[in-house]
Ligand SMILES: [Cu+2]
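Numbering (the numbering used here), first residue to last: 70 to 551.
Encoded structure:
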């Protein structure tokens, strides 16, 4: 069932469609003012916050803190520190992580280490519930390539709410091989966590998706970067490295630079690309990351260059209608760097030798309650049911089939990295930024995407849509590696 059919069956479609698209919007998408980010106007005069960095052996707690998100003053938010979001955890490849986590919330939570290839017991399966006042010691060895990963709660039915209210942070893996590339670092390496929020009249975060928004995704009208509303960053005339995370529940960004410069993409989800790729547009679905270099060396002192969203199409009815600004880079310093862009980055070996192709068909069903409209292979998530059994050490091809759908689904697999083999239908191409190891892939309407993966950890993991409204609605399956 596609969205139009869904609307009809909801009794909304016939009238609304006959009356034209504006009524369709007002009927179906209550609160869809969220589709129009209010950052087209106004001055970007808030200094970009940068999360503090902690190391592999630290303490972390989920807690309520205070933050100013809009003009209304301080509001309560969730975070892994004292405000929105959490610290950036930075570890070296081969290092043992030992993080003591405490839940200081009034509801259960957990942590999923998005992009880390670690044992099932540490992965943050929805079965893993850390109750209020409870704690858990996360211990695992990081044995993967340098890259930009992240962490957030992963509870069935609560992930969208807890992430929106503030629980998310970056997890960066570094390595000796990466250091040898001499990429911009220190103050020249800046994380950019992009999230959209719907704020209430007192400036607090609202999360109350309607049934229509469970379909399309919950879109907020205020775009924050690292929790900063209308942010600016002062830069000098040199190369910078930005580690960009789309930490939104549903919003897709088509990032561009306002001066027409290219992004030099050096990494994607959890690893670096084989070689740098120049991209004018950087399309990022929820959960995806891009590790990019931007060269400000040709820019005049005093100029402002905006990181913007450019309009796009083909990603469902609710996405891409608007252009808006996200962040202002204010060029305030003259500096020469001696950085030379390497022609190759880190070694990349193509996976082969698949022994099985496993279909994951994205389907919809009519739902009279708010749960279970989004399905994979005709099923909604049931934590007690194992949907797929995979052999340890095997290599498989997984086929994400959205040919019947009309919404975009960023499909994410836990406990493993994958490589994209093909995309048929829709865009019909693999984007340059998708040429490395991935853990989340945007599957647009009408597309079938094939990925190849090798399973290195035993246990129960999940595969799901990272549109968090879809995920909480049940668009998730269990697979067990035996
Ligand atoms: Cu989805």
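Glycine included, each C-beta is placed from N, C-alpha and C at the ideal position. As the structure is a computational prediction, the values presented were derived from the model and not from experiment.
{"query": "Residue 321 CB to nearest heavy atom of ligand 1 below 8 Å", "result": "no"}
{"query": "Rounded straight-line distance, which links the Cα of residue 472 to that of residue 194", "result": "28 Å"}
{"query": "Stretch-stretch touch, CB-based, cutoff 8 Å, three pairs: the stretch 299–314 with the stretch 358–372", "result": "yes"}
{"query": "By C-beta, the residues closer than 5 Å to any heavy atom of ligand 1, given in chain order", "result": "478, 534, 536, 539"}
{"query": "Reference residue 358; option with closest CA among 449, 280, 479, 327", "result": "479"}
{"query": "CB of residue 354 within 9 Å of CB of residue 477, strictly", "result": "yes"}
{"query": "Residues that residue 378 bridges to, as DSSP identifies them", "result": "324, 393"}
{"query": "Residue 426, DSSP secondary structure in three states", "result": "strand"}
{"query": "Short CB-CB distance (under 9 Å) between residue 220 and chain C", "result": "No chain C is part of this structure, which consists of one protein chain only."}
{"query": "Close beta carbons around residue 312, own chain, < 6 Å, minus the five adjacent residues each side", "result": "217, 260, 360"}
{"query": "Bridge-paired residues (DSSP) for residue 214", "result": "Paired residue(s): none; residue 214 is not in a bridge."}
{"query": "Where residue 100 falls: helix, strand or coil (DSSP)", "result": "With a pLDDT of 37 at residue 100, under the threshold of 50, the modelled position of this residue cannot be trusted; read the value that follows with caution. Coil."}
{"query": "Validate contact between the stretch 180–194 and the stretch 520–530 using beta carbons, cut 8 Å, 3 pairs", "result": "yes"}
{"query": "C-alpha distance - residue 230 paired with residue 382, whole-angstrom precision", "result": "27 Å"}
{"query": "Whole-number beta carbon distance between residue 375 and residue 330, since they are thought to touch under 8 Å", "result": "With 8 Å as the limit, residue 330 and residue 375 do not qualify as a contact, their Cβ atoms being about 11 Å apart."}
{"query": "DSSP state of residue 221 mapped onto helix, strand, coil", "result": "strand"}
{"query": "Sub-9 Å separation of residue 537 and residue 233 beta-carbons", "result": "yes"}
{"query": "Spatial neighbours of residue 210 in its chain, beta-carbon cut-off 7 Å, leaving aside the 5 residues before and after", "result": "165"}
{"query": "C-alpha gap between residue 114 and residue 325, whole angstroms", "result": "20 Å"}
{"query": "Paired residues, beta bridge with residue 264 - DSSP", "result": "293"}
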